[in-house]
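Residue 254, in this note's numbering, is where the sequence shown stops; the numbers in between run on with no holes.
Single-structure report; data block below.
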Amino acid sequence: MIKAVGITKKIATGKVLLNNISFEVRKGEFVGILGASGAGKTLTLKSLIGLMDLNAGEVWIEQENNQHVDIYKTKATVLKKLRSKIALIFQGYHLVQRASVLENVLMGRLGSISTFRSLFIGFNTNEKSEAFKALERVNMHSFANTKVSALSGGEKQRVAIARALFQQPNLLLADEPISNLDPKNAKTIMVLLKELSQLFPVIGVFHQPDLCAKYCSRIIAIKEGAVFYDGQPNLDEKTLEAIYGDELSSILS
Ligand SMILES: Nc1ncnc2c1ncn2[C@@H]1O[C@H](COP(=O)(O)OP(=O)(O)OP(=O)(O)O)[C@@H](O)[C@H]1O
Ligand SMILES: [Mg+2]
Numbered sequence: 002m003i004k005a006v007g008i009t010k011k012i013a014t015g016k017v018l019l020n021n022i023s024f025e026v027r028k029g030e031f032v033g034i035l036g037a038s039g040a041g042k043t044l045t046l047k048s049l050i051g052l053m054d055l056n057a058g059e060v061w062i063e064q065e066n067n068q069h070v071d072i073y074k075t076k077a078t079v080l081k082k083l084r085s086k087i088a089l090i091f092q093g094y095h096l097v098q099r100a101s102v103l104e105n106v107l108m109g110r111l112g113s114i115s116t117f118r119s120l121f122i123g124f125n126t127n128e129k130s131e132a133f134k135a136l137e138r139v140n141m142h143s144f145a146n147t148k149v150s151a152l153s154g155g156e157k158q159r160v161a162i163a164r165a166l167f168q169q170p171n172l173l174l175a176d177e178p179i180s181n182l183d184p185k186n187a188k189t190i191m192v193l194l195k196e197l198s199q200l201f202p203v204i205g206v207f208h209q210p211d212l213c214a215k216y217c218s219r220i221i222a223i224k225e226g227a228v229f230y231d232g233q234p235n236l237d238e239k240t241l242e243a244i245y246g247d248e249l250s251s252i253l254s
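Spelled out as structure tokens, the structure:
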């Protein structure tokens, strides 16, 4: 479970970037965050992992012992442990270009393996076979030994998703995970995210309301830094117009 309460972020000019955002997402939910460019979607995701210096608000995350922790108030050690269980698929991938696809996936678990073991002993055969299975789920297993620098944007996107799977998270946050993918791969990833939401909450930012209507269990639309809509995923045209304004025609084409 993750719960945002009254998240508010202002900048020195007085502009409000995030305005009193609240929502709760539980296991079994695949939430699609929609909104026009600049609405505050990425900032909302960043605030959920404690990366924002908020003016007000709380973010509660359920720990493995079922206790809830406000990540903006907890100790650094607890925050580090919580973060090692949050899979992030952010714009820009954060992959190591010089390492192979398989090595990048294995890095997904570095937060929970001692530095000594990862640097000097490496990963065991079981871990390698699990990492390979994660690559199979995103159809990237044939690239296991390829250097990431040699991949296309969409292929890198799928490696980032495989790394998130291998991490065995209890929460998954994804910023535009299908934006570089062709329709077939976009569908594969949406099916996978939906399936994963049965194991832990999944929150993704998307620019594809049609795919969200099909695969997400709920939509949260952000407009001018505030929650404009929170509900069932099939949005009518009037609501879409209100969310996107002039951008709607480019979103639907
Ligand atoms: N550090 C910052 N200082 C000032 N303004 C910022 C800062 N970071 C983001 N913003 C502004 O906050 C607004 C929301 O940004 P955000 O990245 O969340 O947009 P978004 O909804 O993810 O848009 P997109 O769909 O284009 O990715 C934008 O207008 C952006 O310019
Ligand atoms: Mg963004």
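For glycine and all other residues, C-beta sits at the position ideal for the given N, C-alpha and C.
For clarity, every value in this text was computed on a predicted model and none was experimentally measured.
With C-beta atoms as the reference, is residue i less than 8 Å away from residue j?
{"i": "L200", "j": "I220", "result": "no"}
{"i": "R138", "j": "L193", "result": "yes"}
{"i": "Q168", "j": "A100", "result": "no"}
{"i": "D176", "j": "F24", "result": "no"}
{"i": "V149", "j": "L96", "result": "yes"}
{"i": "N56", "j": "K11", "result": "yes"}
{"i": "A13", "j": "E225", "result": "no"}
Does residue i come out as helix, strand or coil in the three-state DSSP assignment?
{"i": "Q211", "result": "Per the sequence presented here, residue 211 reads as Asp, with Gln not at that position. If DSSP states are grouped into helix, strand and coil, D211 belongs with the helices."}
{"i": "V160", "result": "helix"}
{"i": "L172", "result": "strand"}
{"i": "G232", "result": "strand"}
{"i": "S101", "result": "strand"}
{"i": "I186", "result": "Note that residue 186 corresponds to Asn in the displayed sequence, not to Ile. Correct three-state label for N186: helix."}
{"i": "R219", "result": "strand"}
{"i": "F133", "result": "helix"}
{"i": "F167", "result": "helix"}
{"i": "V139", "result": "coil"}
Closest by CA to residue i, which one among the options?
{"i": "A243", "options": "L35, A5, T9 and I87", "result": "L35"}
{"i": "I162", "options": "L182, T240, R110 and P178", "result": "P178"}
{"i": "K86", "options": "Q64, E25, S153 and Q68", "result": "Q64"}
{"i": "A5", "options": "G33, I72 and A37", "result": "I72"}
{"i": "L136", "options": "P202, M108, V149 and L166", "result": "L166"}
{"i": "A77", "options": "E59, G33 and G51", "result": "G51"}
{"i": "L174", "options": "T9, I8 and F31", "result": "F31"}
{"i": "E128", "options": "V106, F144, V26 and N56", "result": "V106"}
{"i": "K42", "options": "N20, T147 and G246", "result": "N20"}
{"i": "N140", "options": "E156, L172 and M191", "result": "E156"}
{"i": "P210", "options": "T9, E59 and P234", "result": "P234"}
{"i": "N67", "options": "Y245, N171, A227 and A37", "result": "N171"}
{"i": "V26", "options": "L49, A145 and K224", "result": "L49"}
Unbroken beta strand (DSSP E) runs of length 3 or more, entirely within the stretch 39-80: which are they? 57-63 and 69-71, all fully within the stretch 39-80.
Please output, in chain order, the residues near ligand 1 using a CB cut-off of less than 6 Å to any non-hydrogen atom of the ligand. Per the CB criterion, closer than 6 Å to any heavy atom of ligand 1, the qualifying residues run in chain order as I12, L18, G36, S38, G39, A40, G41, K42, T43 and L44.
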